Structure formats: structure tokens, C-alpha cells
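K.L.:
In the numbering used here, the protein residues as written are 1 to 204.
A single structure is presented below for examination.
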């Protein structure tokens, strides 16, 4: 089973991908996390590390190459879940070409649909524990008293709305590119409700 999760920031892609990881026994690959981990470990090529340090975007070919290395590992033999990648039609085409080269095919592309107002509420109120990295929400799951938390730099309302605009500009192109592989899923409601809809979409 090879799945792609696409949706606006804060739609719940990571949460739902983690649940599917347990269900199918396949790894979740979040490219941002993968890149940050490799940079921290010193295994990211120096030129790419410098681009990341400067806040730039890595070339699509470089990211797809790193994904290719990752899915060649034994835990991806039965499949994997790409969380938040691709984000543009160009990335989708590069991913398609790479998968074709290694003889693998996508099974489903899941688009989580969540209204912008709810996305802003989810992200702007998100806080991260300084010591453990645990994520809290000021409205729905506030941190325990005495826990030191901080807001991520990208979680301000201005930056969230900018990211939502960028997502809206690329969504339709990805939707058209993937055609019959796409399943659109209502991402509102509690985690279990969304998970149930995703299961139905995968089996449809």
C-alpha cells in the first residue's frame, strides 16, 4: 500500500498518517522531518544543508532523490505513506518518474479538506513543549501547569494564511494531475471520525 496525504497545513495529515502506519505496518515519511533529521545528523549533503539553513527550498530532484533512498530501506518493502509531499505539480511529476523507474505505483492520493477558518484556529493555538517536543493546543489539549511551551515560528496567523494561499494555488493542479487516484476526505470532526472516512476512501 503506497499512499500520499495532501492537504492544507494543519489539516491533520500527520495524525492520520500515524494511525495508518499502525494499521498497515508501513512507515510514515514526512519529508520535512526527514530533512531536518538528516541535517541534524550531518548526513544531508552540504549544499542542501546550506540551502535549508538559509531558509530556501530544496530542488525537487534533491527531495525526490532522498525519498528514493528512504523507500529503498527494508521497512518500506510493503509500502509507505508520504505525508505532505508532493506539494506542486512539478514535484508530483518528479515523484511519478522516480516510482516508475523502481517499478512501484501509488494506490491512493488522499486530500484532507478542512475550512481555512478551522485551520487558522488549529495552528495559531498550537504550542510545543520546549523540553519534550510534545504538541499541545491551547483550546483542545492545553499543556499541564508549569510546562514550558512555545509557538513555532511558522504558526502565526499571518504566516498560516500565507501558506493557505499558496496551497490553494497548487491544489487544483495536483487534483487534476492525480485524477482517478484522488479521494477527497472531510477532515473536520474528531480524530476517529476522520480516520473512519479515510478508511472508507482507501477501500473505495
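Glycine included, each C-beta is placed from N, C-alpha and C at the ideal position.
Since this is a predicted model, take the numbers as computed values, not measurements.
(1) Does the region 22 to 29 come close enough to the region 69 to 79 to have 3 or more Cβ pairs within less than 8 angstroms?
(2) Tell me, please, which residues DSSP counts as bridged to residue 183.
(3) Grab the span of the alpha helix (DSSP H) containing residue 83 for me, first residue to last.
(4) Between residue 99 and residue 105, what straight-line distance do the alpha-carbon atoms span, to the nearest angstrom?
(5) What is the C-beta distance between residue 163 and residue 128, in whole angstroms, given that I count them as a contact (C-beta under 8 angstroms)?
(6) Among 174, 196, 158 and 194, which has the Cα closest to the Cα of residue 91?
(7) Could you spell out where the beta strand (DSSP E) holding residue 3 opens and where it closes?
(8) Applying the 10 Å Cβ sphere with the 16-neighbour rule, what's the burial state of residue 140?
(9) Taking the Cβ atom as the reference point for each residue, do residue 123 and residue 3 lie within a distance shorter than 7 angstroms?
(10) Would you list the residues sitting across from residue 149 in a DSSP beta bridge?
P.N.:
On the basis of the coordinates in this document:
(1) yes
(2) 110
(3) That residue, residue 83, is in no alpha helix (DSSP H); its beta strand (DSSP E) goes 80 to 83.
(4) Separation of residue 99 and residue 105 (C-alpha to C-alpha, rounded to the nearest whole angstrom) is 6 angstroms.
(5) So it is not a contact: roughly 17 angstroms between Cβ atoms.
(6) Looking at the Cα atoms, 174 is the closest of the given residues.
(7) 2 to 6
(8) exposed
(9) no
(10) 129
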